Amino acid sequence: MKAHLRQNHPPGIQAITLALTLLLSTLTNAGIEQGYDAFDRGDVAGAVRIWRDLAQQGNATAQFNLGQLYRLGNGVKADDREALKWYLLAPSSSNRYWWW
Numbered sequence: 200m201k202a203h204l205r206q207n208h209p210p211g212i213q214a215i216t217l218a219l220t221l222l223l224s225t226l227t228n229a230g231i232e233q234g235y236d237a238f239d240r241g242d243v244a245g246a247v248r249i250w251r252d253l254a255q256q257g258n259a260t261a262q263f264n265l266g267q268l269y270r271l272g273n274g275v276k277a278d279d280r281e282a283l284k285w286y287l288l289a290p291s292s293s294n295r296y297w298w299w
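Just so you know, we're using the numbering used here here: the sequence shown kicks off at 200 and counts up by one.
This is the structure:
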């Protein structure tokens, strides 16, 4: 089945798809890192802003991070419901930390 599907793609489409995937992954990771940098500088509000934007786009790491911040009340008002919301979204986005 896979060979059949590959034959239907124009030449080079797999390379383009891979390049776009890597680019988007790099941009997303850069955003996560910007959030960590803001957090490390003590700009928790900035980290929340960055991670919320990424989390709303389905980034599992950002979703998990928001869950942690809301659970602990770090930079945001502690809110178990909000924490649970983000924690429950994270595994559906394949967060490797979910079972941690």
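Backbone N, C-alpha and C define an ideal beta-carbon position, used for all residues, glycine too.
Given the structure is predicted, the values throughout are model-derived calculations rather than measurements.
{"Check": "Whole-Å CB distance - G266 paired with I249, under 8 Å assumed", "Outcome": "Contact flag wrong, Cβ pair sits at about 15 Å."}
{"Check": "Same chain only: Cβ atoms within 6 Å of G245, ignoring 5 sequence neighbours per side", "Outcome": "A237"}
{"Check": "Cα-Cα separation, I231 to T260", "Outcome": "8 Å"}
{"Check": "Nearest-angstrom Cα separation, counted from P290 out to G274", "Outcome": "23 Å"}
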